[in-house]
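Following: one structure in structure tokens, then a few remarks.
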Amino acid sequence: MYPAGPAWPRLRILRALWALLAVLFASWRLWAFQDIQECTWQVVLNKFETVGKSGVSDRFFHQQPVATLDSVFSPLVDAPTDQGEKYLSFPYYLKINYSCNGESSEAQVRKGHLTGLKPVVLVTFQSPVNFHHWKIEQLQIQMEAAPFRSEEQQCTAEQVCVMNWYTPMPIKNGSVLMRVDVSSNGLGPFIPTKRFQVNINGFLQRQQDNTLHFTVGNEIFNLIPRYFMNVPSRPLWYTVDQAPVLILGGIPEEKSVLLTDTSFKDSFLVELNIDSCWVGSFYCPQAIFTATIYDAIATESTLFIRQNQLVYYFTGTYLTLHESNHGSGSWVRVLANECIKSLCPVHFHSNGSEYVMALTSGKREGYVHFGTITDGHVSFQVLPKHRSVCEGIQVFNCSIIWAVFIAGDYILLMLVELQDPTTRNYFQVVSYDLVSDNLVILYTIPEFIPDARGLEFLMILGTESYTNFTMVPKGMFYNPYNNLLFIWGNFLLQSYNNENFIYLADFPKDQSIKYLVNSFHGETAIVTETEEIWYLLEGSYRMYRLFPSKAWEVHVSLQVMQQSSFYTHIETMVTLFYEDHQLYQLVYLMNDGQGRLVKRLVPVEQLLMYQQPGSHYLLEQRGNHLTLSFTDFCPFTVMRLRDLPNPQIYTRQERYRARPPRVLEPSGFHDQNSLAVYQGLVYYLLFLHSKYHKPYADPVHDSTWRWWKNKKVDQDYYFYLASNLQSASNVYIDMASYEKIYDLKAEHELPERIYLDKGTSYGFSIFVTVRGHSLEFQPERVLTTLELRSKVDLGVVLADADCIEVVVDQKVLINRNSVLFWVTLRDKRSCFDQGLSGHHLMKTSVLVKVVGAVGHCFQNTHRGLHMQGNLMIPLLIGCPPGKRLAFDITYTVEYNRLQNKHYFDCVHVDPEMPCFLFRDKLTASSGPPRTQRPQTTQPSTS
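Per the numbering used here, the very first residue in the sequence shown carries number 19; after that it's consecutive.
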């Protein structure tokens with residue numbers, strides 16, 4: 019990747035060019051965004067008792083709604099609320115403010131409020147794992163924050179002192195992980211949207227002194243440097259998008275772990291309450307004993323750890339998941355008679371359960387203990403069922419190095435080391451079918467690393483030449499969205515069918531991979547044993563070294579110049595992980611003898627851009643001076659997504675909108691009573707949503723219809739009373755402020771995932787403006803049709819071509835030097851299951867990329883650089899969530915009245931249900947009541 023051998027004059031030129039590029043880029047950003055303050059949202063959790071108090075934040079511990087709000091709602095006699103209903107409250111509020119340029123200023127918040135700023139909070143509830151117990155749905159609620167004046171300082175009516183905004187923090191049965199997106203209403207200062215993880219922590223317990231303590235162990239408040247400094251990083255393992263609490267071991271010689279319920283925005287060091295037994299025997303030899311927790315895996319409600327050969331688990335208390343206390347009183351030791359050498363994670367749940375795998379040594383060598391977690395209950399089974407892997411592949415000695423579970427096919431892939439006394443050990447990839455109990459050898463890994471002869475990649479066919487470096491496999495990684503399997507060690511192999519492998523030659527032979535992390539949106543990051551960080555964009559074969567690199571040095575120098583607190587000269591990486599498609603480091607920083615843990619973004623796009631111009635520049639003599647020009651390898655200047663359809667039918671998102679009740683006080687500030695009313699209204703809105711899931715439909719097919727159906731006629735009267743300050747209470751409830759949104763618009767980007775079912779299709783267009791030449795100071799030239807088609811081309815990669823088809827139409831726009839590609843994704847009706855709504859969906863993906871754009875094309879936005887030219891679209895095939903077959907009552911009753919000319923005299927009157935048992939007035943005297951079904955029903959799907 020870099021030229022070999024000393025070249026000092028060229029090196030001095032390159033360093034000068036690096037510095038010049040950095041200064042030019044930084045100055046451009048200052049020029050482009052000099053009028054935009056760098057502001058960011060801040061969100062903390064508050065209980066009702068701490069609303070209005072500064073410097074107070076609470077942990078998400080309570081999971082049940084608090085007592086009824088009768089005392090708050092009973093005075094609302096001239097409001098559309100029903101006095102007969104019970105309005106409950108969620109236990110927490112979200113407290114929202116913002117800071118600019120890293121400094122929190124009360125004056126800035128007041129200025130934002132006085133200029134019309136209102137935070138808008140979007141809470142997204144993650145669907146639960148067990149779809150047999152809970153209904154799968156994609157639910158969101160959008161709330162406008164209410165301004166609240168702090169109670170700690172007395173202010174006159176004309177003054178605004180310390181203030182914040184508040185919204186209820188709703189809870190939904192079956193969901194323990196919530197994403198909170200805070201955005202602006204478009205008024206006041208510019209503040210980018212920011213996402214927060216607000217998760218329920220089921221591993222806390224309230225003590226007698228009213229303080230919260232961890233149930234898994236005792237919190238350690240002193241982060242001693244030896245816990246982190248110069249300690250090797252370790253992987254962060256968890257069930258993707260399902261684990262509310264993450265756990266990370268690796269603290270040397272301590273039975274302690276890092277715990278977080280905010281994705282390491284903050285974290286806690288906890289010493290675990292485990293017995294730490296050391297059971298060594300003839301069948302399980304242990305050379306040394308250590309207290310270190312080596313393997314740690316987090317699932318939706320259960321944590322797993324391995325210490326020495328022992329495996330423990332702890333199930334948290336999650337009433338919203340289990341509806342009863344399934345929490346563990348202490349750590350439970352499992353597989354007590356087994357010698358466990360390592361744990362392997364399963365990144366995705368399936369069939370209503372989560373999974374974890376334990377690899378054995380000693381007397382059970384050649385077996386995998388396959389763990390299943392369902393509603394917090396843990397069970398293990400031994401695989402293969404009837405014979406060991408060694409016996410199945412007919413060898414005397416073997417050892418399972420790694421295991422990967424492919425849930426969609428019920429296949430277990432194992433990396434097996436075969437020990438042959440006559441030759442060197444060699445490695446094979448073995449497949450085990452859990453349904454048929456069949457073992458198959460898929461691939462034998464070559465003994466030596468292939469010689470790529472300068473190529474970026476090499477297809478392994480058996481006819482290539484090899485180097486003298488021995489291949490040492492250490493693990494595997496599988497992505498279910500694109501069927502991509504990695505085998506890693508001191509090399510990197512990849513395969514799309516588990517049989518034909520490609521060798522990626524950019525990775526150096528003298529390095530060894532320690533672990534991989536994947537975004538599951540087309541990006542992979544690699545950490546080596548020497549803590550190097552490499553980057554691979556799936557669908558390409560070139561690998562980039564992010565750290566250490568010249569690009570990293572430039573980035574750190576710029577951060578130090580800006581006095582960033584996230585970078586110091588003494589630091590140690592603790593782990594590397596993806597969150598919301600972005601790569602993050604957890605780093606331990608030492609500054610002036612004080613250590614702290616910091617979560618910081620790895621700027622992949624900036625690092626890739628910094629790497630480009632180092633060796634691709636041109637010095638031209640023009641007159642009496644030299645002119646410097648760089649070559650831009652991006653084949654286009656502009657790339658935009660157009661014609662995106664409305665997303666809800668494809669994302670299956672159900673979104674509700676709620677605004678705070680209007681206060682009649684002239685200042686517009688809310689008090690605790692009005693916030694409590696807001697809580698009750700949001701709770702009842704979500705209650706109506708949950709009640710709407712029934713086998714029959716409301717007359718207007720809307721879950722909020724029944725709330726105001728008898729009060730709509732009086733809405734003008736309620737408004738008249740409030741506008742003339744004649745209401746009995748201090749709030750006005752606008753019935754139009756609590757509704758379900760059906761017409762969400764696309765936001766100029768592809769959805770996070772798309773559901774397709776039985777021939778449905780999704781279409782969008784890509785507008786690309788072609789680059790005519792290198793980045794030089796000369797006017798653009800209008801290209802011909804042939805030149806435009808030759809310079810920009812679009813490639814499509816299908817993960818499952820038997821299930822999905824893609825049609826690409828191209829239109830050349832000569833007058834704009836542009837090409838328009840219309841892309842249509844369509845389900846081929848061949849890979850769906852006759853399952854229930856949201857059950858057993860097939861994961862697949864489509865990769866759309868502009869040829870030649872990988873690693874070369876970037877778009878500069880107010881959020882920083884954004885990579886362009888590579889679009890990975892996750893797809894889920896099957897009956898999507900939110901679809902249901904409902905009995906249309908209104909249509910059925912009207913149809914039968916028209917057909918039969920009879921009126922249904924109900925025995926038990928229910929306005930929501932038709933009369934199946936009724937008394938016919940024309941024949942009532944001739945006999946007892948009879949049962950009759952309507953002749954025709956009209957199904958309704960949504």
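Glycine included, C-beta positions come from ideal geometry on N, C-alpha and C.
Pick from the options: whose alpha carbon is nearest that of residue i?
i    : options                : result
T803 : I784, L838, V825, G813 : L838
Y521 : G557, E162, P468, S368 : P468
E318 : W349, T392, G267       : T392
S582 : F91, N119, Y111        : N119
Y760 : L157, E124, V139       : L157
F388 : L476, W552, G380, V400 : V400
N182 : A163, G426, M432, M860 : A163
M627 : Q877, T593, F307, L195 : Q877
V407 : F398, I418, S397       : I418
F519 : E541, T548, Q225, G480 : G480
Q327 : N515, V127, D313, L337 : D313
Q101 : N833, E770, Y702       : Y702
N236 : N291, H395, G204, G394 : N291
V830 : D820, R847, S808       : S808
N115 : F91, V200, G900        : V200
E155 : K867, R673, T229       : R673
Got a sec? Which residues, its chain only, sit under 6 Å from residue i by beta carbon, not counting five neighbours each side?
i    : result
H150 : G370
Y533 : P253, V545
Y710 : S721
E13  : Here the chain has residues from 19 to 960 only, and residue 13 is not among them.
R660 : S783, F785
L662 : A764, F782
Compute the beta-carbon to beta-carbon distance between residue i and residue j, rounded to the nearest angstrom, for a pair I have assumed lies under 8 Å.
i    : j    : result
I1   : W420 : Only positions 19 to 960 of the chain appear in the structure, and residue 1 is not among them; the question remains open.
M489 : P526 : So it is not a contact: roughly 14 Å between Cβ atoms.
F78  : N219 : 6 Å
V824 : V810 : V824 to V810, Cβ: 18 Å. No contact.
Y602 : N536 : With a Cβ gap of about 14 Å, Y602 and N536 do not count as contacting.
N609 : K763 : Between K763 and N609 the Cβ distance is about 46 Å, and since that is not below 8 Å, they are no contact.
F166 : H688 : 5 Å
D775 : C897 : 6 Å
A676 : V700 : 5 Å
Under the three-state reduction of DSSP, which class applies to residue i: helix, strand or coil?
i    : result
I832 : helix
W349 : coil
V535 : strand
Q629 : helix
K758 : strand
A425 : helix
N236 : strand
W152 : coil
L39  : Model confidence at L39 stands at a pLDDT of 49, short of 50, so the residue's coordinates are unreliable and nothing is read from them.
T211 : coil
H707 : helix
E409 : helix
L479 : coil
F487 : strand
D451 : strand
K729 : coil
L682 : coil
G380 : helix
A50  : Reliability fails at A50, whose pLDDT of 42 lies under 50, so the model's placement of it is uncertain and the value that follows must be treated cautiously. It is helical.
Note down, in chain order, each residue of its chain lying with its Cβ closer than 7 Å to the Cβ of residue i, except the 5 sequence neighbours on either side.
i    : result
V62  : S75, K113
D451 : Y428, I429
S285 : L276, L277, T278, L615
D851 : H858, G896
Tell me which same chain residues have a C-beta within less than 8 Å of the C-beta of residue i, skipping the five on either side of it?
i    : result
P621 : H573, G882, L883
V872 : L555, G557, S558, R560, G887, N888
Touch test, the region 561-573 against the region 249-264, Cβ-Cβ under 8 Å, three pairs minimum: no
Do the region 88-99 and the region 746-763 meet, that is, are 3 or more Cβ pairs less than 8 Å apart? yes
Does the contact criterion of 3 or more C-beta pairs under 8 Å hold for the region 342-350 versus the region 376-387? no
Answer yes if the region 776-786 comes into contact with the region 832-850, meaning at least three C-beta pairs across the two stretches below 8 Å, and no otherwise. yes
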